[in-house]
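Read the structure below first, then the notes.
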């Protein structure tokens, strides 16, 4: 194999490897700032947002995308989560008491999570 062929093969492999990597989107920083400031963020892009410990009682997160976000140890007590995407959202040790509209089947909860109905988690 000539040096030129080797270089071309390595370049091709690099391009293929880069193309095959999974794209991971991040939360919109403006949406994260707005949510932190107002606790109101309907329709916001909060994917992968790091919100551990956030106290967001009565938050408005209608139709927000919280996929892969972390709210570990926080509070969404009384929050409106109607239509919110909670896929792989870390809600361990989070107080969800009184939250409405939450579909938690794909969220991550544990025995320290307080479910919307007030029961100890894991929530379903």
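In my numbering, the protein residues as written are 70 to 193. Heads up, the beta-carbon is just placed ideally off N, CA and C, and yes, glycines get one too.
Checking contacts by CB at 8 Å: is residue i closer than that to chain C?
i, result
"residue 176", "Of the protein chains in the structure, only one exists, and it is not chain C."
Can the beta-carbon of residue i be found closer than 8 Å to that of residue j?
i, j, result
"residue 189", "residue 171", "no"
"residue 114", "residue 134", "yes"
"residue 121", "residue 107", "no"
"residue 143", "residue 119", "no"
"residue 157", "residue 179", "no"
"residue 184", "residue 165", "yes"
Alpha carbon to alpha carbon, what distance is there between residue j and residue i?
i, j, result
"residue 176", "residue 132", "15 Å"
"residue 161", "residue 141", "5 Å"
"residue 129", "residue 191", "23 Å"
"residue 182", "residue 168", "13 Å"
"residue 104", "residue 193", "25 Å"
"residue 101", "residue 173", "21 Å"
State buried or exposed for residue i, treating a residue as buried only when at least 16 other CB atoms are found within 10 Å of its CB.
i, result
"residue 98", "exposed"
"residue 186", "exposed"
"residue 96", "buried"
The ligand NAD and residue i: does the residue's C-beta get closer than 7 Å to at least one heavy atom of that ligand?
i, result
"residue 184", "No copy of the ligand NAD occurs in the structure displayed, which carries no ligand at all."
**OP:** Can you check the region 93–121 for any beta strand (DSSP E) of at least 3 residues that lies completely inside it and give the ranges in chain order?
**Re:** none
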